[in-house]
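Asks: Take this structure first; my questions come after.
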Amino acid sequence: MADPILRWAGGKRQMIDDILSRLPPLTDFNDYYEPFFGGGAVFFELEPSNGHINDINPTLINFYKQFRDNLDYIITANNRLDDDLSRFNSEEKMKDFYYTRRREFNELQNGRCEDKLREAVLFLFLNRTCWNGLYRTNEDGDFNVPMKSKIIKTESIKGNLKRGHYALQNTTITSKDFTFIEKEVGKNDLVFLDPPYQQQSDARHFDEYQPGGFDEERQKELRDIALKLHRRGAIVMITNSHDAKNLYTNHDEFHENFRIKPIKASRSINSDSSQRSQLGDTDIIVTNSPQFWDHKDFDNFR
Ligand SMILES: C[S@@+](CC[C@H](N)C(=O)[O-])C[C@H]1O[C@@H](n2cnc3c(N)ncnc32)[C@H](O)[C@@H]1O
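Yeah, the sequence shown ends on 301 if you go by numbering that gives the first Met the number 0, and it's all consecutive.
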């Protein structure tokens, strides 16, 4: 099993055992769909052979496509960037180097010039060297996260990069709105849905991933699509914040067909254990997975 390749906000490594123990084995489903991919913690643990992965973030998706197809180039180029960085003996010069690469990345990802492979090389470099692996952009879409002094070296993650690259080989990779699953998913496919979490304090909360956000209406749309996929015979799992519980329990047909498991999880940017912040939030796992229908620890609370 591979670890996620990238550090990504909302990564599911903290609750991976809770998730995996409630999913059917690889032999019990057809295709695997993960339309809110981010760091893809569940995909990389499962390593399904017929995967469809998707994220609304086109820069992230370009990275995974290039990573699937051009691993050696990406590793060599990242090793070179590490070598260049290690030649500097002052923090100031290292920062200069980082901010020059960041500017280059922003030229590329905003379409001001076209080199998708170089964009992917720099995406991995910035993810390894920026503060907490955070992906944040300003109003113009420019990545604006500062450098962190302790960087993750390419050599130290090379084995995992190879494993992740291998896992992606037979995978369809797209960048569109998650609603495409309504058309594509069929009977006995497995769908793992990890949307931006619903916030209790402000249902119209604009999420950290996407300008325009993922508001309460979109959460309901997702629930209704999940129900349609259930009727079609697909196996569906949704993760969300505990705050979103009522969204699922207040809907009769949904409530009758899905089980809910509350989980205590720590929030973090994944892959960076030293930076985890324990905010004590509680998540929920919602699924119609038939193997776990009578699973004792599933609640069907209202
Ligand atoms: C909670 S994160 C997923 C984290 C992932 N499960 C992991 O382990 O790293 C949610 C992801 O959904 C993406 N997203 C937000 N709105 C979306 C939409 N409408 N359709 C598809 N993806 C979307 C974001 O870019 C973000 O990467």
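Every residue, glycine too, gets a C-beta built ideally from N, C-alpha and C.
From L19 to F43, what does the alpha carbon distance come to, in whole angstroms?
Replies: Roughly 11 Å separates the two Cα atoms.
Asks: Do the CB positions of Y247 and R230 come within less than 9 Å of each other?
Replies: Against a cut-off of 9 Å, the Cβ pair of R230 and Y247 comes out as no contact.
Asks: Suppose you measure from the CA of K157 to the CA of N78; what does that come to, to the nearest Å?
Replies: Between K157 and N78, the C-alpha separation is close to 10 Å.
Asks: According to DSSP, which residues form a beta bridge with G50?
Replies: DSSP lists Y31 as partners of G50.
Asks: Name the DSSP bridge partner or partners of M146?
Replies: Beta-bridge pairing links M146 to C129.
Asks: Relative to the alpha-carbon of G50, which residue among V144, G232, I172 and N131 has its alpha-carbon at the smallest distance?
Replies: That would be I172, whose Cα lies nearest to the Cα of G50.
Asks: Rank P145, E154, Y72 and K92 by C-alpha distance to the C-alpha of E118 and give the top, closest one.
Replies: Looking at the Cα atoms, Y72 is the closest of the given residues.
Asks: Hey, could you find the ends of the alpha helix (DSSP H) D71 is sitting in?
Replies: Start and end: L70 to S85.
Asks: Any heavy atom of ligand 3 within a distance shorter than 8 Å of the CB on D242?
Replies: The model on display carries ligand 1 but not ligand 3.
Asks: Any idea what DSSP makes of T153, helix, strand or coil?
Replies: Here T153 sits in helix by DSSP.
Asks: How about V190 and Y32: are their beta carbons less than 9 Å apart?
Replies: Yes, these two residues count as a Cβ contact at 9 Å.
Asks: Taking 8 Å as the line, does the beta carbon of W7 fall inside it for any heavy atom of ligand 1?
Replies: At least one heavy atom of ligand 1 is nearer than 8 Å to the Cβ of W7, so yes.
Asks: Do N126 and L22 have their beta-carbon atoms positioned less than 9 Å apart in this structure?
Replies: Against a cut-off of 9 Å, the Cβ pair of N126 and L22 comes out as no contact.
Asks: Take H241 as the anchor and find which of K219, K260, T281 and I224 has the nearest alpha-carbon.
Replies: Of K219, K260, T281 and I224, the residue nearest in Cα terms is T281.
Asks: Quick check: the Cα distance between L228 and E220, rounded to an integer number of angstroms?
Replies: Each residue's alpha carbon lies about 12 Å from the other.
Asks: Name the DSSP bridge partner or partners of P57?
Replies: Answer by DSSP bridge pairing: none, since P57 is not bridged.
Asks: Let me know the secondary structure DSSP gives P289 once reduced to three states.
Replies: Of the three classes helix, strand and coil, the one that applies to P289 here is helix, per DSSP.
Asks: Is N53 close to ligand 1? I mean its beta-carbon at under 8 Å from any heavy atom of the ligand.
Replies: Checking every heavy atom of ligand 1 against the Cβ of N53, one is found closer than 8 Å.
Asks: For the alpha helix (DSSP H) that N256 lies in, which residues bound it at each end?
Replies: D251 to N256 is the span of the alpha helix (DSSP H), which, as asked, contains N256.
Asks: What does DSSP give as the partner residue(s) for M236 in the beta ladder?
Replies: Its beta-bridge partners are F191 and T286.
Asks: Is L125 near ligand 1, judged by its Cβ being under 8 Å from some heavy atom?
Replies: No, ligand 1 has no heavy atom inside 8 Å of this Cβ.
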